[in-house]
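In terms of our numbering, the sequence shown is residues 154 to 284.
The C-beta atom is built at its ideal place from N, Cα and C for all residues, glycine as well.
Remember, it's a predicted structure, so these values are computed and weren't measured experimentally.
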Amino acid sequence: MDERPVDGSGARFGERGSLVPLLAVVLPVVALVLVLIVGTAHRAATVGRVQWAADATALAVAAAGPFGDGPAAGQRVAAANGATIRSIRTVPPAGGEGSDAVAVTVVVEVEAGGVIATAAATLVWVDSPPQ
Numbered sequence: 154m155d156e157r158p159v160d161g162s163g164a165r166f167g168e169r170g171s172l173v174p175l176l177a178v179v180l181p182v183v184a185l186v187l188v189l190i191v192g193t194a195h196r197a198a199t200v201g202r203v204q205w206a207a208d209a210t211a212l213a214v215a216a217a218g219p220f221g222d223g224p225a226a227g228q229r230v231a232a233a234n235g236a237t238i239r240s241i242r243t244v245p246p247a248g249g250e251g252s253d254a255v256a257v258t259v260v261v262e263v264e265a266g267g268v269i270a271t272a273a274a275t276l277v278w279v280d281s282p283p284q
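Below you can see the structure in the form of C-alpha cells.
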C-alpha cells in the first residue's frame, strides 16, 4: 500500500509535475487569443479613423463647393488625417420642378493603412447656387 500523504482533493503530494504539461498547452493558447484580440482592435481603430477621414473630406469638399476649391480643400483635410483621396464623384443637382432648392451630393473615397472608406455629403442651396 502507498503510504504517501494525501491532500484534501485526494491527490497525492508526489504528483507535483502534472501541472507543467497543462500550462504548456494553456499558455500558448492564451497568448494566441491575446494576439488576435489586439490585432482585431487595431484593425477596428484603423477602419474607424479612415471612415472619419472620409466623412471629414466629403464635408470639406461639399462646404468649399464641389466645382471650385472643393477638391483642393478635400485633399488638405484627407492629408491632415493621414489619408489620400482615391476618387471624388459629384451626383447631379436634385432640384425638383417648382422647387427653389438645389442639392449637390459629393461622394468621396479615401484610403489609408490599406483601408478604403466612402462617405457622402450633400450641399443644399435654398434660393439659388452661388454664381
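Local Cβ density within 10 Å of residue i, reported as buried at 16 or more and exposed below that
i    : result
L185 : exposed
A232 : exposed
V178 : exposed
L276 : buried
A259 : A quick correction: the sequence has Val, not Ala, at residue 259. That one is buried.
T210 : buried
A225 : exposed
I190 : exposed
A194 : exposed
A212 : One point to set straight first is that residue 212 is Leu, not Ala, in the sequence displayed. Buried, since its Cβ has 16 or more Cβ neighbours within 10 Å.
Beta strand (DSSP E) segment containing residue i, residue limits
i    : result
V277 : 268 to 278
A256 : 255 to 265
Nearest-angstrom Cβ-Cβ length linking residue i and residue j, presumed shorter than 8 angstroms
i    : j    : result
G218 : V261 : Contact flag wrong, Cβ pair sits at about 14 angstroms.
A272 : D208 : 5 angstroms
A215 : N234 : In fact, because the Cβ distance is near 16 angstroms, the residues do not count as touching under 8 angstroms.
V257 : T243 : 6 angstroms
A270 : V203 : 4 angstroms
DSSP beta-bridge partners of residue i
i    : result
V244 : T258
Residue i - containing alpha helix (DSSP H), residue span
i    : result
L201 : According to the sequence provided, residue 201 is Gly. The question's Leu does not apply to it. Its alpha helix (DSSP H) spans residues 172 to 217.
G235 : Per DSSP, G235 belongs to no alpha helix (DSSP H) and is neither H nor E.
- request: Report yes or no: do three or more beta-carbon pairs, one from the segment 256 to 271 and one from the segment 197 to 210, lie closer than 8 angstroms?
  value: yes
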